[in-house]
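Below: one structure, written as C-alpha cells.
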Amino acid sequence: MFKQLREDIDCIYERDPAARSRWEILTCYPGLHAILVHRLSHRLWNTGFLWLARFVSHLARIFTGIEIHPGAQIGKRVFFDHGHGIVVGETAIIGDDCTIYQGVTLGGTSLYKGTKRHPTLESGVVVGAGAQILGGFTVGENAKIGSNAVVVKPVPANATAVGNPARIITKEDKSAPEPNQDSETTTTSSAPEGILTPNTHPCKAEWTGKPLKELLERSARTQSGQTKPIHQASNDAFAAYAVDNTNNDPLVQVIHELINHSAQQEQRISKLCSALEELGQRVENGQQPLDVERLNKMME
Numbered sequence: 060m061f062k063q064l065r066e067d068i069d070c071i072y073e074r075d076p077a078a079r080s081r082w083e084i085l086t087c088y089p090g091l092h093a094i095l096v097h098r099l100s101h102r103l104w105n106t107g108f109l110w111l112a113r114f115v116s117h118l119a120r121i122f123t124g125i126e127i128h129p130g131a132q133i134g135k136r137v138f139f140d141h142g143h144g145i146v147v148g149e150t151a152i153i154g155d156d157c158t159i160y161q162g163v164t165l166g167g168t169s170l171y172k173g174t175k176r177h178p179t180l181e182s183g184v185v186v187g188a189g190a191q192i193l194g195g196f197t198v199g200e201n202a203k204i205g206s207n208a209v210v211v212k213p214v215p216a217n218a219t220a221v222g223n224p225a226r227i228i229t230k231e232d233k234s235a236p237e238p239n240q241d242s243e244t245t246t247t248s249s250a251p252e253g254i255l256t257p258n259t260h261p262c263k264a265e266w267t268g269k270p271l272k273e274l275l276e277r278s279a280r281t282q283s284g285q286t287k288p289i290h291q292a293s294n295d296a297f298a299a300y301a302v303d304n305t306n307n308d309p310l311v312q313v314i315h316e317l318i319n320h321s322a323q324q325e326q327r328i329s330k331l332c333s334a335l336e337e338l339g340q341r342v343e344n345g346q347q348p349l350d351v352e353r354l355n356k357m358m359e
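Sequential numbering from 60 applies to the sequence shown in this note's numbering.
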C-alpha cells in the first residue's frame, strides 16, 4: 500500500511543475485524495457493500469535487491534475500512467444496465481539460485527447483527438514529407505552397495535392522561430492539457488546402486571360483577387 502511495506521489511530482514537495502533494492535492478514497470504495463495491461504497465515494466528491463511481477501475500512477469537475462512470477503466485534467467526463451514451457504457483509457493516455469521452469504446495507449474535445468513437494508440466532434490526428499527419525537388511547379519562399510563380506555364501546372500539414508546420515554425522541422523536435515530451503546436485540426487543414487551391486556380485563370488578351480577345474581369495570406491567417 505504501509503495503504491509513493508511486502516486512521485508521478505527480514529475508531471506537475507546481508541486514543490511530496508533503505538499500528500496534503494539498485533491486528485490524490480522490484516488485514495476510491480504492477504499472500490474494495467495498467488489465485496458487496454497495451502499457503503457509494456513500464513501459521495463523501470524496464533497471534499474533492471529483466524482468517481466505486465500480470504476483505476490503474497505477494515475494523476487527476486540479481535478475539480471530473466525472468517472461505473464501467469506466483507466489504465496506468494516465493524466486527466479538470472538467473531464468519462460518460456513457447507453441506458442499458449490465453493459459497458463508459470508455476504457489504456496506459499513458492524456485527457485535456473539459474533454468529454462518451461511450463504451477504447482510447488507445499513449493517445491524447485535446481540451474540450468531444470523443464519441475509438481513438487509435499514439493518436490525438481534437474538436467537437473529435477528429483524429495520427503521428503520420504530424510529420511533413520531404519537398519534391523534381516538381515542375517551382515556388519561392515567400509564395504560399501551391501558388504559381511567374515562370510557370499556366497550361502545364498541376495541383500537386500536397497535404496542408506541410503549410501549417512551416507557418508554426515561422511564428515560433524554429529552424528545424517540427517532426524532428521532441514529440515525446509531456504535453500539458494534451495539446501542442503540432495538433492541427484536420478540418482546418482541409480549409487551408482549399484556400490555396483556389488561389492557384485564380492565378492560372489570370494567365489564361492575359494570353487571350494578347491574341486580341477582350476579357472582362471585375473580381477582386483572392488574398490567400489573409484567409489563412483568419483560419489560424
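We put the CB at the ideal spot given by N, CA and C, even for glycine.
So within the stretch 98-138, which uninterrupted alpha helix (DSSP H) runs reach at least 4 residues, ignoring any that extend past its ends?
109-123
By the DSSP assignment, the beta strand (DSSP E) with ILE192 in it spans what residues?
In the DSSP annotation of this structure, the continuous segment of the beta strand (DSSP E) that includes ILE192 starts and ends at 191-193.
CA-CA distance, SER116 and HIS320?
56 Å
How many angstroms separate the CA atom of ILE52 from the CA atom of ALA208?
Outside the displayed range of the chain (60 to 359) lies residue 52, so it cannot be described from this structure.
For the stretch 186-206 and the stretch 158-173, state whether three or more C-beta atom pairs, one from each stretch, are separated by less than 8 Å.
Short answer: they touch.
Using the rule of at least 16 other Cβ atoms within 10 Å of the residue's Cβ for burial, across every protein chain shown, is ILE254 buried or exposed?
Since pLDDT at ILE254 reaches only 44, below the 50 mark, its modelled position is unreliable, and the value read off the structure follows with that caveat. Counting Cβ neighbours within 10 Å, ILE254 comes out buried, since at least 16 surround it.
Given ILE121 as reference, the closest of GLY130, GLY195, HIS92 once Cα atoms are compared
HIS92
Cβ of GLY195 within 8 Å of Cβ of PRO215?
no
Backbone CA spacing between HIS315 and THR229 [nearest angstrom]:
19 Å
Give the single residue among LYS212, GLY148, GLU126 whose Cα lies nearest to the Cα of THR197.
LYS212
Exposure label - VAL221; buried when at least 16 CB within 10 Å
buried
At the level of alpha carbons, what is the spacing between TYR72 and GLU66?
10 Å
Quick one: grab the DSSP three-state call for LEU361.
This structure gives no information on residue 361, because the portion of the chain shown stretches from 60 to 359.
So, at 7 Å on beta carbons, what are the nonlocal neighbours of ARG113 in its own chain, with the 5 sequence-adjacent residues on each side left out?
PRO129
Out of curiosity, what's the CA-to-CA distance linking THR150 and LEU354?
The straight-line gap from Cα to Cα measures roughly 45 Å.
Nearest to ASP75 by CA position, among TYR88, GLY199, LEU64, is which residue?
TYR88
So, is TRP82 buried or exposed, given that buried needs 16 or more other C-beta atoms within 10 angstroms?
Classification for TRP82: exposed.
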